[in-house]
Amino acid sequence: MDLELEDKVAVVTGASRGLGLASARALAAEGCHVVICARGEQRLAEAAQELRTASQHGATIVAVAANVAMPEGVARVIGRAVEAFGGFDILVNNVGLARLFRTFAGAARESSSSSLPFTAGKRVAG
Ligand SMILES: NC(=O)c1ccc[n+]([C@@H]2O[C@H](COP(=O)([O-])OP(=O)(O)OC[C@H]3O[C@@H](n4cnc5c(N)ncnc54)[C@H](OP(=O)(O)O)[C@@H]3O)[C@@H](O)[C@H]2O)c1
């Protein structure tokens, strides 16, 4: 399926296994560059390697060890996305914390020079 996502940048939280890794795999298969995060470094590195090996589009995979339950963890993930790609287009906020989306949205706005709304289809901090 071509969802016309080639060269878009996606951030997937909680992507070292399970649904997050499956989401990252699907996005990479569509040609997205993907920033993945999780707390455990070993499994995260293995997931990143798997995604790089499987990518037929030469997708860039950036792995960030971070706890996105903490504001500094969210800031680290966003910071790496901005550093590597100048921002991101898609967020799969897979880590199940009720307050996380607000935290992620707030941190994304703070890291942006403009006040881009945090909605699907709008580039964040780019
Ligand atoms: N699987 C289902 O059937 C199902 C059904 C309904 C809802 N859900 C929800 O969907 C989400 C994913 O489920 P899953 O079954 O794929 O979970 P999973 O297999 O346990 O994977 C969770 C992923 O999130 C990471 N993670 C957990 N807490 C984190 C944190 N604070 N910061 C950064 N990364 C974190 C984990 O890595 P680390 O532990 O190394 O951080 C792992 O990569 C969860 O919110 C779950 O409640 C799942």
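Take the sequence shown: its letters are residues -15 to 110, numbered as in the numbering used here. Even for Gly, the Cβ is constructed at its ideal location relative to N, Cα and C. Please read all numbers here as calculations on a predicted model, not as lab measurements.
When the Cα atoms are used, residue 19 and residue 55 turn out to be separated by approximately 17 Å. Nearest Cα to residue -5 within the set 27, 32 and -12: 32. Taking C-beta atoms as the reference points, residue 28 and residue 8 fail to come closer than 7 Å. For residue 35, the shortest C-beta to heavy atom distance toward ligand 1 is 6 Å or greater. Going by DSSP, residue 31 is part of the alpha helix (DSSP H) stretching over 25 to 38.
Look at which beta carbons fall closer than 7 Å to any heavy atom of ligand 1; those residues are -3, -2, -1, 0, 1, 2, 3, 4, 5, 21, 22, 23, 24, 27, 28, 50, 51, 52, 53, 57, 78, 79, 80 and 81.
For residue 75, the beta-bridge partners assigned by DSSP are -5.
Taken atom to atom, the span from the alpha-carbon of residue 16 to that of residue 25 is near 22 Å.
In this structure, the straight-line span from the alpha carbon of residue 12 to that of residue 43 is close to 6 Å. Nearest in C-alpha terms to residue 48, of all of 14, 63, 2 and 78, is 63.
DSSP, reduced to helix, strand and coil, places residue 52 outside both helices and strands of the structure shown, so it counts as coil. The distance from the Cβ of residue 52 to that of residue 61 is about 6 Å, consistent with a contact at the 8 Å cut-off.
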